[in-house]
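> Residue numbers (the UniProt record's numbering), protein chains in the order written: chain Z, 1 to 444; chain W, 1 to 249.
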Amino acid sequence: MAKVQSVKNWNNFPEVESTVYSFRTSGELQKLLRESPKVIARGAGLSYGDASLGEHVLSTHYFNKILSFDPYTGVLRAESGVTLRDILEVIVPKGWFLPVTPGTKNVTLGGAVAADVHGKNHHAEGSIANFIRRIRLMTGDGVLMHCSATESRDVFMHTCGGMGLTGVILDVTLQLKKIETSYINQRNIVAPNLKRLLELLRANGDATYSVAWIDCLARGKHRGRGVVMLGEHSTRRDLAEKHQKEPLTVHQAAGWKIPFHFPHFALSRPAVQLFNAYFYAKYRWSKKDFQVHYDTFFYPLDGIKDWNRMYGRKGFLQYQFVLPFDGGEQALDAVLERICKHGAASFLAVLKLMGPESSPVSFPMPGYTLALDIPMSSRLFALLDELDELVVAHGGRIYLAKDARSKRHVLQQGYPRIDKFRSIRKLTGAFKKFESLLSRRLEL
Amino acid sequence: MSKIPANKSALILGGTSDIGMAVAECLAFEGWSLILTGRNEDYLHRIANDLQIRSGSSVQSRYFDATDTGTHKTFFQSLEIVPELCVCLFGYLGEQEKGMKQWREAEQIIQVNYTGAVSILNLVANEFNARGLGTIIGVSSVAGDRGRGSNFLYGSAKAALTTYLSGLRSRCYHYGVHVATIKPGFVATRMTESLDLPASLTAAPGQVAKAICRAYYKRNNVVYVLPVWKLIMTCIALIPEQLFKRLKL
Ligand SMILES: Cc1cc2nc3c(=O)[nH]c(=O)nc-3n(C[C@H](O)[C@H](O)[C@H](O)COP(=O)(O)OP(=O)(O)OC[C@H]3O[C@@H](n4cnc5c(N)ncnc54)[C@H](O)[C@@H]3O)c2cc1C
Ligand SMILES: NC(=O)c1ccc[n+]([C@@H]2O[C@H](COP(=O)([O-])OP(=O)(O)OC[C@H]3O[C@@H](n4cnc5c(N)ncnc54)[C@H](OP(=O)(O)O)[C@@H]3O)[C@@H](O)[C@H]2O)c1
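This is how it looks when you write it as C-alpha cells:
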C-alpha cells in the first residue's frame, strides 16, 4: 500500500514529499520491490538527517514481530520494524539486556543495524554488529539472502552500517547480554576542563559504560568542562533494599511531553548558557555514586516526549564525528573553540570513547566521538563545512546517521573503504534499487 | 488491569486484521488465552507467536475462511476449548464500482461481511446459549446505518450484520449470553491505508480495541467508538430521502 505524505526525521530537517509504502509480510515486500521505483527503507525516523528519506520510502512500521526468544541462551530473533523498546519489554524480565543501545529505545532493530549503532560501551564491547548472529536481507530483485560473519560475509559487513543501501533487512538474530538486575550503579565525576575530562574518560577505560556531557558554551580555561558518567550493571547483591523484591522491572511510559515547537528566543545563547550552567552546578553538588534504573541511565530523553520540538519549527542539526586518539585532544579543543566563537548554542554535547571498528563502512573507530545538537540557522552550514575539514584533516569521520549536509569529499576522506561499498552495491544490484537523499548527495 | 481470572479464553475471528491484532494484544496482556484466525497462515503464525512471546499468554492460530461456510462447523468443533468470548472482526471493504460490474466482487463483499459472519456466529451462539455463558462481539460499521451511493454494497452487508447482531442479542439475552455491536467509524488500518481520512474522525486500532474490551466488561449493547460518529449518523439519518438521494455521499 502506498501513501503520499511529507516525511522528515527526528531533527525536522530536511522535509520531503514521499510516497510511503508499507508491508506486513515478506511476500508483500517482494512484490513492492519488484514493482516500485528506487526506494529506501525507513524505520522509526530517529536518525538526524536524510539517511531514510527519499521520494519512495519503504516503512517497516508494520513489519514488527518478535520471531523467537530463548530465555536460556539469550538469543532473540525479530523483524526489522520491532523497536528496542518492545525488545526490552520482553527480555529484561527474563534477565537479559541489549548488548548495545543508542540513547533512545524508540529506534527500530533494522535502523540500529543499518547504522551499526554504538552505545556507551563502545570502547569496551564495540558496536551492535559484534552481536549479530544473522541477518535476513531482501535484495533489490526481491531475493531473500541470509548473511552473517560466515555466510555472504561481504554483504553482511556492508549491511551493518550500510544505511539501508544494500537491501531491506527483514529480520535479525541477536545475542543478548545477561543481567542480574535492571539497575545501573552510576558514578559521576565533574571535570573542570577538556584535558581533565579526557583524562578521566581514558583512566576509566575499564568501565563497562562511560560517557561525558560537555558544556559547549564554557569559555577560556573552562572550555570543555563537563561531567563524566560511568556505569556498571548492578548485581543482585548491590541492589538497594527497596528494589530487591522486583530486581528486573522494565521502563515506564514517557511522562512529560513538549506540547509545541519552542519559539526561537528559547534557544538564544544566554538561555542555553543558563541551562548548561545550571546542569554543571547541579552535578557538582549532587551525589557522586548512586543506583539508577536503566531507563534513566541510557534513555534520559525518552522520558520527555517530542523533545525535538525544543528546537522550534525550523529544526536543528546534530553533528557527530569521531577523531583518532592520536592528536584527537587538540582537534577536539579546536572544534570546541570554533563552536564557541560561532556562538552556536547547544544544549547537548555528548562525548564518548570508541574502540576498534567492526565493519568497513560503519562510523565507529578508535578515538573520541562528540555529538552535539545545534539549532538551525543560515550560518550553521558554513560552520559545519569548516568543522568537516578539520575533522577529516585529523583522520576522523562524521556519522552518516546524523548527517543532512556533508559533502562527498568529506565522506571519501573519512571512510577510506567506501569505494568497495560502492562496488558491492553495483555487484548485488542494490545500486539500481536502493536510493536515499543521502546516497544521492554522497554519490554512494 | 487484571480484572479476570487468568484462564479465560477468547476466539478472535479476523486475528490478522489491524483491529484484531490490537484486541488480541489487549486481551493477551490481561492474561486471556487466545485463538486467532485468518487465511494468510504465515502472517497469522507470526502474529500469534509474537504475541505469545510478548505477553506470556497462550496464543494459538487457526485457518478460517469466512466464505467457506461448509467448513465452519468442523472448524468450530475442532477447537480444543469452547471460548468464553468471541470477537468477530473479519470484513471486506471491496470496491463499489467493481462490484456493480462483477458479481464476484459484490458476492465477496456480502459473503465476508454478512453470510460468513452469520454462518459462524450461529454456531457460536448455539454453543454459548447451551452453556448459558459467553459474549459475542461483532464489528459492524457506521456504513450500515444508511446506504450511501459511494459504498452501499459494503454498507448494506454491514447493515444486515447490524440487524443480525441486534436480533441475536435479543435471542441470547434469555440464555444469559451477551451480544455487543461495535461501530468503529473510520479507523486507520490496512483496509483504509490508501484513503485520505480526516484525522479528527479517525480512530487508531488501539482505541477500537479498548472499546471492544470495555464492551465486554460493561456488557454494552451498541458502541460508537468515537462519540462524534453517533452524532454524525443521527444527523444523516434525519435527512429526508428526497434530499438524501440527491447528495453525492
Ligand atoms: C535521542 C537519540 C539518541 C541517539 N543516540 C545514539 C547513540 O547513542 N548511538 C548511535 O549509534 N545512534 C544514536 N542515535 C541515532 C539512531 O540510533 C540511528 O539513527 C538509528 O539508525 C535510528 O533508527 P530508526 O529505526 O529510527 O531508523 P531511520 O532513522 O528510519 O533510518 C536510519 C537508517 O536505517 C536504515 N534502515 C531502517 N530500517 C531498515 C531496514 N529494515 N533495512 C535496511 N535499512 C534500514 C534507513 O535506510 C536509514 O539509512 C540516536 C538518535 C536519537 C534520536
Ligand atoms: N478500518 C475501518 O475504517 C473500519 C471501519 C468500520 C468497520 N471496520 C470493520 O472492522 C473489521 C476489521 O477491519 P480492519 O480495518 O482491521 O481491516 P483489515 O486489517 O483489512 O482486516 C480485514 C480482516 O478480514 C479478514 N478477512 C478478509 N476476507 C476474509 C475471508 N474471506 N475469510 C476470513 N477472513 C477474512 C482478513 O484476514 P485474512 O486476509 O488473513 O484472511 C483480516 O483479518 C472489519 O470487519 C471492518 O469491516 C473497519
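By construction, the Cβ of each residue, glycine as well, lies at the ideal position given by its N, Cα and C atoms.
Would residue 53 (chain W) pass as an interface residue toward chain Z - the criterion being a Cβ-Cβ separation below 7 Å?
Here residue 53 (chain W) is taken as the residue at index 53 of the second sequence, counted from 1. With 7 Å as the cut-off, residue 53 (chain W) counts as an interface residue toward chain Z.
> Work out the CA separation of residue 229 (chain Z) and residue 216 (chain W) for me, nearest whole Å.
Counting from 1 along the second sequence, the entry for residue 216 (chain W) is found at position 216. Counting from 1 along the first sequence, the entry for residue 229 (chain Z) is found at position 229. Spanning the two alpha carbons is a distance of roughly 50 Å.
> Do you know how far the Cα of residue 58 (chain Z) is from the Cα of residue 125 (chain Z)?
The count along the first sequence starts at 1 and reaches residue 125 (chain Z) at position 125. The count along the first sequence starts at 1 and reaches residue 58 (chain Z) at position 58. The straight-line gap from Cα to Cα measures roughly 32 Å.
> Does residue 305 (chain Z) have its Cβ less than 7 Å from a Cβ in chain W?
Mapped onto the first sequence, residue 305 (chain Z) falls at position 305. Chain W contact via Cβ: absent.
> Determine the direct distance from the alpha carbon of residue 343 (chain Z) to that of residue 143 (chain W), and round the result to whole angstroms.
The residue you call residue 143 (chain W) lines up with position 143 of the second sequence. The residue you call residue 343 (chain Z) lines up with position 343 of the first sequence. Using only the alpha carbons, I get a separation of about 59 Å.
> Using a Cβ cut-off of 7 Å (strictly closer), state whether residue 194 (chain W) contacts chain Z.
Within the second sequence, numbered from 1, the residue matching residue 194 (chain W) stands at position 194. So yes, residue 194 (chain W) belongs to the interface.
> Tell me, to the nearest whole angstrom, how far the beta carbon of residue 22 (chain W) is from that of residue 206 (chain W); I am working on the premise that it is less than 8 Å.
Within the second sequence, numbered from 1, the residue matching residue 22 (chain W) stands at position 22. Within the second sequence, numbered from 1, the residue matching residue 206 (chain W) stands at position 206. Going by Cβ atoms, the distance from residue 22 (chain W) to residue 206 (chain W) rounds to 5 Å, so yes, they are a contact pair.
> Using a Cβ-Cβ cutoff of less than 8 Å, which residues in the same chain neighbour residue 18 (chain Z) once the five nearest sequence positions on both sides are dropped?
For the purposes of this step, residue 18 (chain Z) is taken as the residue at position 18 of the first sequence. 4, 5, 6, 7, 53, 54, 55, 56, 57, listed in sequence order.
> How about residue 398 (chain Z): is its C-beta nearer than 7 Å to some C-beta of chain W?
Here residue 398 (chain Z) refers to the residue found at position 398 when the first sequence is read from its first residue. No, residue 398 (chain Z) does not count as interfacial toward chain W.
> Using a Cβ-Cβ cutoff of 9 Å, what residues of the region 51-75 of chain Z are near chain W? List them in chain order.
Cβ contacts with chain W come from 62, 64, 65, 66, 67, 68, 69.
> Buried or exposed, going by whether 16 or more other CB atoms sit within 10 Å of the CB of residue 126 (chain W)?
Sequence index remark: in the second sequence, residue 126 (chain W) carries index 126 (1-based). Under this definition residue 126 (chain W) is an exposed residue.
> With a cut-off of 8 Å on the beta carbons, I'd call residue 408 (chain Z) and residue 365 (chain Z) a contact; round off their distance for me.
Taking the first sequence and counting its residues from 1, the one referred to as residue 408 (chain Z) is at position 408. Taking the first sequence and counting its residues from 1, the one referred to as residue 365 (chain Z) is at position 365. The pair is not a contact, with the Cβ atoms about 20 Å apart (cut-off 8 Å).
> Using DSSP with H/G/I as helix, E/B as strand and the rest coil, what is residue 149 (chain Z)?
On the first sequence, position 149 is the one that residue 149 (chain Z) refers to. Residue 149 (chain Z) falls in the coil class under three-state DSSP.
> Please list the terminal residues of the continuous beta strand (DSSP E) segment that includes residue 138 (chain W).
Position 138 of the second sequence, counted from the first residue, corresponds to residue 138 (chain W). Note, residue 138 (chain W): beta strand (DSSP E), 135-139.
> Jot down the residue ranges of each uninterrupted alpha helix (DSSP H) in the region 250-310 of chain Z, minimum 4 residues, whole runs only, in chain order.
Those alpha helix (DSSP H) runs which fall completely within the region 250-310 of chain Z and span 4+ residues are 269-285, 294-298.
> So which residues on chain W does residue 90 (chain Z) lean against when the C-beta distance must stay under 8 Å?
Sequence index remark: in the first sequence, residue 90 (chain Z) carries index 90 (1-based). Under the 8 Å cutoff, chain W gives 53, 54.
> Since residue 64 (chain W) and residue 38 (chain W) should fall inside the 8 Å C-beta cutoff, what is the C-beta to C-beta distance between them, to a whole number of angstroms?
Counting from 1 along the second sequence, the entry for residue 64 (chain W) is found at position 64. Counting from 1 along the second sequence, the entry for residue 38 (chain W) is found at position 38. So it is a contact: roughly 7 Å between Cβ atoms.
> Give the straight-line distance between the Cα atoms of residue 103 (chain W) and residue 115 (chain W), rounded to the nearest whole angstrom.
What you label residue 103 (chain W) is simply residue 103 of the second sequence in a count that begins at 1. What you label residue 115 (chain W) is simply residue 115 of the second sequence in a count that begins at 1. Near 16 Å, if we compare the C-alpha coordinates of residue 115 (chain W) and residue 103 (chain W).
> Using three-state DSSP, classify residue 103 (chain W) as helix, strand or coil.
Numbered from 1 along the second sequence, position 103 holds the residue referred to as residue 103 (chain W). Reduced to three states, the DSSP call for residue 103 (chain W) is helix.
> Going by beta carbon distance, what residues of the same chain come within less than 6 Å of residue 331 (chain Z), once the five residues before and after it are set aside?
The residue given as residue 331 (chain Z) occupies position 331 in the first sequence. Excluding positions up to five away in sequence, the list reads 323, 394.
> Got a sec: does ligand 1 put a non-hydrogen atom nearer than 6 Å to the Cβ of residue 103 (chain W)?
In the second sequence, the residue the question calls residue 103 (chain W) occupies position 103. No, Cβ of residue 103 (chain W) sits at least 6 Å from all heavy atoms of ligand 1.
> Short of 6 Å in beta carbon distance, which residues of its chain neighbour residue 39 (chain Z), apart from the five on each side in sequence? Order them along the chain.
Locating residue 39 (chain Z) in the first sequence gives position 39, where the first residue counts as 1. So the list reads 56, 58, once near-sequence residues are dropped.
> Using DSSP with H/G/I as helix, E/B as strand and the rest coil, what is residue 239 (chain W)?
For the purposes of this step, residue 239 (chain W) is taken as the residue at position 239 of the second sequence. Coil.
> In terms of residue numbering, what span does the alpha helix (DSSP H) encompassing residue 46 (chain W) cover?
By one-based count along the second sequence, residue 46 (chain W) stands at place 46. It spans 41-55 - the alpha helix (DSSP H) in which residue 46 (chain W) sits, taken as one unbroken run.
> Is DSSP giving residue 234 (chain W) helix, strand or coil here?
To locate residue 234 (chain W), count along the second sequence from 1; it is residue 234. Residue state, collapsed to three classes: helix.
> When you compare only the Cα positions, how much space is there between residue 80 (chain Z) and residue 91 (chain Z)?
Here residue 80 (chain Z) refers to the residue found at position 80 of the first sequence. Here residue 91 (chain Z) refers to the residue found at position 91 of the first sequence. For residue 80 (chain Z) and residue 91 (chain Z), the distance between alpha carbons rounds to 17 Å.
> Can you give me the start and stop residues for the beta strand (DSSP E) that residue 199 (chain Z) sits inside?
If you number the first sequence from 1, residue 199 (chain Z) lands on position 199. From DSSP, residue 199 (chain Z) is part of no beta strand (DSSP E) but of the alpha helix (DSSP H) over 194-203.
> From Z:432, Z:236, Z:89, Z:227, pick the residue whose C-alpha is nearest to that of residue 282 (chain Z); which is it?
Reading the first sequence from its first residue, position 282 is the one you call residue 282 (chain Z). Checked all of Z:432, Z:236, Z:89, Z:227; the closest Cα to residue 282 (chain Z) is Z:227.
> For residue 94 (chain Z), name the three-state secondary structure that DSSP assigns.
On the first sequence, position 94 is the one that residue 94 (chain Z) refers to. Helix at residue 94 (chain Z).
> Which residues of chain W have a Cβ atom closer than 8 Å to the Cβ of residue 3 (chain Z), listed in chain order?
Taking the first sequence and counting its residues from 1, one reaches residue 3 (chain Z) at position 3. The answer, in chain order, is 193, 194.
> Where residue 69 (chain Z) and residue 111 (chain Z) are concerned, what is the direct C-alpha to C-alpha distance, given to the nearest angstrom?
Here residue 69 (chain Z) is taken as the residue at index 69 of the first sequence, counted from 1. Here residue 111 (chain Z) is taken as the residue at index 111 of the first sequence, counted from 1. Their backbone Cα atoms lie some 20 Å apart in a straight line.
> Check the C-beta distance from residue 139 (chain W) over to residue 110 (chain W) and give it rounded, since I have them as a contact under 8 Å.
Reading the second sequence from its first residue, position 139 is the one you call residue 139 (chain W). Reading the second sequence from its first residue, position 110 is the one you call residue 110 (chain W). Rounded, the Cβ-Cβ distance is 16 Å, inconsistent with contact.
> Using a Cβ cut-off of 7 Å, pull out every chain Z residue sitting near residue 47 (chain W), in sequence order please.
For the purposes of this step, residue 47 (chain W) is identified with residue 47 of the second sequence, where counting begins at 1. Per Cβ cutoff of 7 Å: 65.
> What are the complete beta strand (DSSP E) segments, minimum 3 residues, inside the region 159-206 of chain W?
Whole beta strand (DSSP E) segments, 3+ residues: 178-183.
> From residue 328 (chain Z) to residue 316 (chain Z), what distance separates their C-alpha atoms?
By one-based count along the first sequence, residue 328 (chain Z) stands at place 328. By one-based count along the first sequence, residue 316 (chain Z) stands at place 316. Approximately 26 Å between the Cα atoms of the pair.
> Step through the CB atoms of chain Z and report whether any lies within less than 7 Å of the CB of residue 65 (chain W).
What you label residue 65 (chain W) is simply residue 65 of the second sequence in a count that begins at 1. For residue 65 (chain W), the answer is no, since every Cβ of chain Z falls outside 7 Å of its Cβ.
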